[in-house]
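Have a look at the structure below before the remarks.
In the working numbering, the protein residues as written are 526 to 886.
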């Protein structure tokens, strides 16, 4: 996208003396970079406030639909405004500045809002931490005015790529929360929406290189397909998460599965059984399928059948499975992964090894 040159002369306001006006504009131009970085710090502080809101009321994701629509429409129209002849260069520059400013603000609100939603569904030490790091990087980039205005907004492919990632992350979190769509289906729908939006943004360039456009658009679509098909273990299954988990040697089923005899380590007796109960948080109306996978180190030793999860329970959907111990498992460190049918990791519960008793103890 072409960068417009600022007009060299700016008319002074009638109610200001020319000397005062020139002094003020000169000071602003001399300190423009510092002022933009100060604004970036303010945007970051505002984003932290949005994170606080997102961690407490995810229903506000409905507003994100309006934000995404505005970004898409204005990004589509911006090339025609900048290169059109209907406005003077001064007003085209102002329109470009205003549109970029509003788009950055909407990106900030969207990305910072969904960041805690994904973080709550992230399992520490797992692969899906990488997605949250990438999401946090995108949110931080949206606050950096100079970087966004001079690089992202000026290159159509980068604009489309940033839009695609933001929309994909936002839609993947919003669809299960607002319309109770399963996480695996939500990922495919989010990828489709993001691919459509990114492709149309690239094709909206007024002076277009069709060969480069189709190549760039194809790469974005292919990237989204690969992410959904093979990268699901790297994406937290927002808003699903583990509320609580406990191990024990007995389960009480009278008021829903609850551990009766809680244990802090794997028993050394190879003749017993170990039970795990996990409480899965899911919003009201959401239906998904999950299972337990028991691990000894990195080796999966038992996979449970799939269970249907119904959201909306205050105490969480409690899923329990047993594991029969053997001489190879007794006293060893175990952990249980709770995963969706689509292969996303909801959470992990760990049971340490039995303490070693030395001679004479």
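Ideal Cβ placement from N, Cα and C applies to all residues, glycine included.
Nearest Cα to residue 702 within the set 678, 817 and 643: 643. Nearest C-alpha to residue 660 among 670, 647 and 672: 647. Less than 9 Å divides the Cβ of residue 874 from the Cβ of residue 772. Looking at 825, 855, 719 and 653, the one whose alpha-carbon comes closest to that of residue 685 is 719. Beyond the five residues adjoining it in sequence on each side, residue 845 comes within less than 8 Å, by CB distance, of 776, 782, 800, 801, 802 and 803 in the same chain, given in chain order. In chain order, 705, 836 and 837 place their CB closer than 8 Å to the CB of residue 810, counting only its own chain and leaving out the 5 sequence neighbours on each side.
757 is the residue among 757, 678, 683 and 727 whose C-alpha sits nearest the C-alpha of residue 716. In this structure, the alpha-carbon of residue 752 lies about 15 Å from that of residue 695. Distance from the CA atom of residue 653 to the CA atom of residue 760, rounded to whole angstroms, is 5 Å. Note that the C-beta distance between residue 711 and residue 749 is not below 9 Å. Scanning its chain for C-beta atoms nearer than 8 Å, with the 5 sequence neighbours on each side dropped, one finds around residue 635 the residues 589, 592, 593, 691 and 695, in chain order. Fewer than three pairs of CB atoms, one per stretch, sit closer than 8 Å, so the segment 791-800 makes no contact with the segment 821-840. In the assembly as shown, residue 842 is a buried residue. Its beta-carbon has 16 or more other beta-carbons within 10 Å. Non-local beta-carbon contacts of residue 598 in its own chain, meaning distances under 6 Å to residues more than five positions away in sequence, are absent. Counting only the Cα atoms, residue 744 lies some 31 Å from residue 618. Within the model, the alpha-carbon separation for residue 806 versus residue 699 is close to 16 Å. Excluding its 5 nearest sequence neighbours in each direction, residue 786 has C-beta neighbours in its own chain below 6 Å: 773, 774 and 775, listed in chain order. Within the DSSP secondary-structure output, residue 865 pairs in a beta bridge with 815. In chain order, 677 place their CB closer than 6 Å to the CB of residue 687, counting only its own chain and leaving out the 5 sequence neighbours on each side. Here residue 627 is near residue 595, since their CB atoms are less than 9 Å apart. In the structure shown, the three-state DSSP call for residue 702 is helix. Assignment of residue 650 by DSSP, reduced to helix, strand and coil, places it in the coil class. Listed as beta-bridge partners of residue 843 by DSSP are 804. By the neighbour-count criterion, in which a residue is buried when 16 or more other Cβ atoms sit within 10 angstroms of its Cβ, residue 629 is buried. Distance between residue 790 and residue 876, taken at the CA atoms: about 5 Å.
The residues 696, 700 and 706, in chain order, have a CB closer than 8 Å to that of residue 714 in the same chain once the five nearest residues on each side in sequence are set aside. Secondary structure of residue 786 (DSSP, three-state): coil. Within the same chain, and ignoring the five residues on either side of residue 762 in sequence, the residues whose Cβ sits closer than 6 Å to its Cβ are 646, 708, 865, 869 and 871.
The C-beta of residue 570 has fewer than 16 other C-beta atoms within 10 Å across all chains shown, which makes the residue exposed.
The C-beta distance from residue 817 to residue 746 rounds to 35 Å, too long to fall under 8 Å, and the pair is not in contact.
Around the beta-carbon of residue 621, 16 or more other beta-carbon atoms lie within 10 Å, marking it buried.
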